Ligand SMILES: Nc1ncnc2c1ncn2[C@@H]1O[C@H](COP(=O)(O)OP(=O)(O)O)[C@@H](O)[C@H]1O
Ligand SMILES: [Mg+2]
């Protein structure tokens, strides 16, 4: 049985059908890429899985249970974490605090423990801190090179993206949703992160769904590619199948996929 | 104006912006007239700063040319720009701004002499004219203002010409003289406690204000002390910073213990008035620390915070007073306090539950409403069988602590009690800020949607903020009740919420030290909603000054007096400008004007 199963799902904003009769599934251990022109509904798709938008019709089933009607925090608790396309860190909190607060739903100390500094409070704090540092060190010297008690706003652009991924990892998810993780990075940084995405599965055991424009990244890491256009799935399969699908080529204005998608920011 | 403009044509160099100078001159003039007509010069004239030379009333006018001239001359220096060489032109610009400020007053004098607008403008009076003419002839007064304004403006402009070090020295000296003068009641009281009356007699004039000789001594000390020990203090500071964290913690702990011990013995050296004043400040520190959790940490703009203060106060009154009209168990205060805390916490839950589903402006308005509803309930006839309506509840006993009773007639005991609760509140704020809950609050403040997506249950977390804030306010209410001995709905006006909020904002949101400093400066010096501060003469201008301060802080220093390191960066426009400018996204010529 699939880890995540989405059945016949639609979302409308006013009159706009952002997603139409979508069927989608991810198996445990897969890395799936979602591609499509701008405005195709990819981010909406993530918002809906993570509970930030309620679908008009349809059902989302994660590990056998429906996610409909859950708050975003409950979805995260079930084991789905996400990053945001337009990086949304807690800018005035420190780098470490960003990954510490993400462990909120995996920990349970409350006022009492904090006020009386109980043993369980101290050991939990210690564990939160250690796990946070462990997650940060996944990015090699990139993040731990900074003093971790500096505010996240001091980070460079690429590092903010990395911290977003780290923050999602810190929620201890089983399914990780990455919304354009390499957007705005230079080719070297992007290649580096691509390698890390593979390691997210092999070392951390995460299943990954990734929205990505950079077709070289998509080709390198995905087991399967799903193409969205105008809120509908127009193709899915391996990278090669999808890249040669006439419908996909049409969606990208008739250009071959590999070149067109990379710069579709300029596409009308 | 770019980084490489040094040797480009004059047109591009950032010379003096004369339009800006003229604008400041006009605003300075208007401000002077406004201050004069608001009644500050006449109202504050009774308070001496330096005996025959300077009164608070004149100071209320004299700061304008100086400060405006110096503000008009300041420019934002972005990275990559070198500051312009200052020269005589800057002095002239300063003088112009100063002249503008006093020109406003001169025009006002002419108008007062020739027209009578006393009807709408209460302060359009002969006294004002006399004061403005320095009790001489009007013509001479005008001439004096001309000279004074221009000179002070010139000095304000000169602040940019002299090296930064000299500038900060001058400001430190001026501030020291002002502070010593303003703190007169407190310092006399304190020194008297140590038997050092001779010192105060030397510095202070008998009927208030510094003697000229006293002012000179204070100024000299302010100048010399940093010169003598400044480098040593710097040395100690760097040594402490460089210490290993283990050792630094021990030093901090030591400092904390010494500070706490000093605070505990302080009340015994202070007289009645000062103890009373500090007890009031302490009550507001408690309130401000509570609101700081709600607004500063969790980012929930609660404008009805006084409600919890009221519930704490009234519950204490009902439970302890024999005169409580409905239900009068006459519990001892410590027992009552437990019930008060629990009950206020529950009220926090009940008010919080519907409110926290809202955001931003809506939330602010609804909390404002709840604050008023609670007060009106206490005032209402419907509940007057319980709370006494407008008559309130009287005869609230003091707090029996075994070795004595804490009651309003003995301000020292109240101050001590308040200190204990402030210590508790500081501890609670500090521990919670660095806990799972505190981090969740901050995440919500930063971005509620993302916090929710990262697994924070925002509803519960925000409710917790409400409850903790409510409990801290209830401490304050319980002490207030026992201190005053009676309680009326008029003690819980919306104004109290606003003033607490101003204390938090001015002090520095999300920062414990800042909030305490804010309460000391605002409540201690200017006074609370009903409580007088050190500057009692200010009471009628309190709200005006609070408002002006709030606006100024929001514009110039949104992170507060004592900034929270975390928040400072985001709030400073210059950095954004700088980022954008370095990326070539904006044309810096445009934003010069808007500064
Ligand atoms: N909250 C919303 N309200 C109204 N329209 C929305 C909202 N979110 C997204 N949309 C619209 O839905 C469409 C899909 O957007 P999005 O999912 O962000 O596209 P993508 O991520 O594929 O570029 C766009 O036309 C967008 O304007
Ligand atoms: Mg998108």
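Chains as they are written, first to last, in this note's numbering: chain A, 2 to 269; chain B, 890 to 1484. Quick reminder that beta carbons are idealized off the backbone N, C-alpha and C, glycines included. Remember, predicted model here, so these are calculated numbers, not experimental data.
Under a Cβ-count criterion, where at least 16 other Cβ atoms within 10 Å of its own Cβ denotes burial, should residue i be classed as buried or exposed?
i                       : result
residue 43 of chain A   : buried
residue 158 of chain A  : exposed
residue 12 of chain A   : buried
residue 924 of chain B  : buried
residue 1096 of chain B : exposed
residue 963 of chain B  : exposed
residue 1424 of chain B : buried
residue 1242 of chain B : exposed
residue 1145 of chain B : exposed
residue 1182 of chain B : buried
residue 1002 of chain B : exposed
residue 242 of chain A  : exposed
residue 10 of chain A   : buried
residue 1292 of chain B : exposed
residue 1474 of chain B : Unreliable placement is indicated for residue 1474 of chain B, whose pLDDT of 46 sits below 50; the coordinate value is still reported in the next sentence. Exposed: under 16 other Cβ atoms inside 10 Å.
residue 1280 of chain B : exposed
residue 1134 of chain B : exposed
residue 1427 of chain B : buried
residue 58 of chain A   : exposed
residue 141 of chain A  : exposed
residue 1004 of chain B : exposed
residue 240 of chain A  : buried
residue 1390 of chain B : buried
residue 174 of chain A  : buried
residue 1179 of chain B : buried
With residue i as the anchor, note down where its alpha helix (DSSP H) starts and where it stops.
i                       : result
residue 1141 of chain B : 1134-1158
residue 1169 of chain B : 1161-1180
residue 1082 of chain B : 1073-1082
residue 1363 of chain B : 1347-1373
residue 25 of chain A   : Residue 25 of chain A -> not in any alpha helix (DSSP H); beta strand (DSSP E) instead, spanning 17-27.
residue 92 of chain A   : Run containing residue 92 of chain A: none; DSSP gives neither H nor E here.
Taking 8 Å as the cut-off, is the C-beta of residue i nearer than that to any heavy atom in ligand 2?
i                       : result
residue 212 of chain A  : yes
residue 28 of chain A   : no
residue 180 of chain A  : yes
residue 1420 of chain B : no
residue 280 of chain A  : Nothing about residue 280 of chain A can be reported from this structure: the residues present for chain A run from 2 to 269 only.
residue 872 of chain B  : Since the first and last residues shown for chain B are 890 and 1484, residue 872 of chain B lies out of range.
residue 237 of chain A  : no
residue 86 of chain A   : yes
Name the two residues that bound the continuous beta strand (DSSP E) containing residue i.
i                       : result
residue 839 of chain B  : Because chain B in this structure spans residues 890 to 1484, residue 839 of chain B falls outside the shown range and cannot be described.
residue 908 of chain B  : Premise fails: residue 908 of chain B lies in the alpha helix (DSSP H), 907-926, not in any beta strand (DSSP E).
residue 976 of chain B  : Per DSSP, residue 976 of chain B belongs to no beta strand (DSSP E) and is neither H nor E.
residue 13 of chain A   : 5-14
residue 1318 of chain B : Looking at the DSSP string, residue 1318 of chain B is not in any beta strand (DSSP E); the run it does join, the alpha helix (DSSP H), is 1300-1322.
residue 230 of chain A  : 225-230
residue 60 of chain A   : 58-63
residue 237 of chain A  : 233-238
message = Give me the pocket residues for ligand 1, defined as CB within less than 5 Å of any heavy atom, sorted by chain position.
response = Having a Cβ closer than 5 Å to some heavy atom of ligand 1 are A/14, A/19, A/39, A/40, A/41, A/42, A/43, A/44 and A/45.
query = Residues in the region 75-93 of chain A with C-beta within 9 Å of chain B's C-beta atoms, listed in sequence order?
reply = Answer in chain order: 75, 76, 77, 78, 82, 83, 85, 89, 90, 91, 92 and 93.
key: Residues of the region 1398-1419 of chain B whose Cβ lies closer than 7 Å to any Cβ of chain A, in chain order   = For the region 1398-1419 of chain B, which is checked against every Cβ of chain A, not one residue is closer than 7 Å.
key: the region 1311-1322 of chain B: positions lying closer than 8 Å to chain A by Cβ   = For the region 1311-1322 of chain B, the residues whose beta carbon sits under 8 Å from a beta carbon of chain A are, in order, 1316, 1317, 1320 and 1321.
inquiry  = If the cut-off is 7 Å on Cβ atoms, which residues from the region 1326-1343 of chain B count as contacting chain A, listed in chain order?
reply    = Those would be 1326, 1328, 1329, 1331, 1332, 1335, 1336, 1338, 1339, 1341, 1342 and 1343, in chain order.
message = So if I threshold CB-CB distances at 9 Å, which residues from the region 122-146 of chain A count as touching chain B?
response = Within the region 122-146 of chain A, the qualifying residues are 122, 125, 126 and 129.
query = Looking at chain B, which residues of the region 54-69 of chain A have a Cβ within less than 7 Å of any of its Cβ atoms?
reply = Listed by position along the chain: nothing, the set is empty.
query = Going along the chain, which residues of the region 1362-1378 of chain B sit with their C-beta nearer than 8 Å to a C-beta in chain A?
reply = Of all residues in the region 1362-1378 of chain B, none has a Cβ within less than 8 Å of some Cβ in chain A.
ask   = What are the residues of the region 170-191 of chain A that lie near chain B, defined by any Cβ-Cβ distance shorter than 8 Å?
value = If the cut-off is 8 Å between Cβ atoms, the region 170-191 of chain A has 172 near chain B.
request  = Compile a chain-ordered list of the residues in the region 99-116 of chain A whose CB is closer than 7 Å to at least one CB of chain B.
outcome  = Taking 7 Å as the Cβ-Cβ cut-off, the region 99-116 of chain A approaches chain B at 101, 102, 103, 105, 106, 108, 110, 111, 112, 115 and 116, given in chain order.
ask   = What residues in the region 37-54 of chain A have a beta carbon less than 7 Å from any beta carbon of chain B?
value = The region 37-54 of chain A vs chain B, Cβ under 7 Å: 51 and 53.
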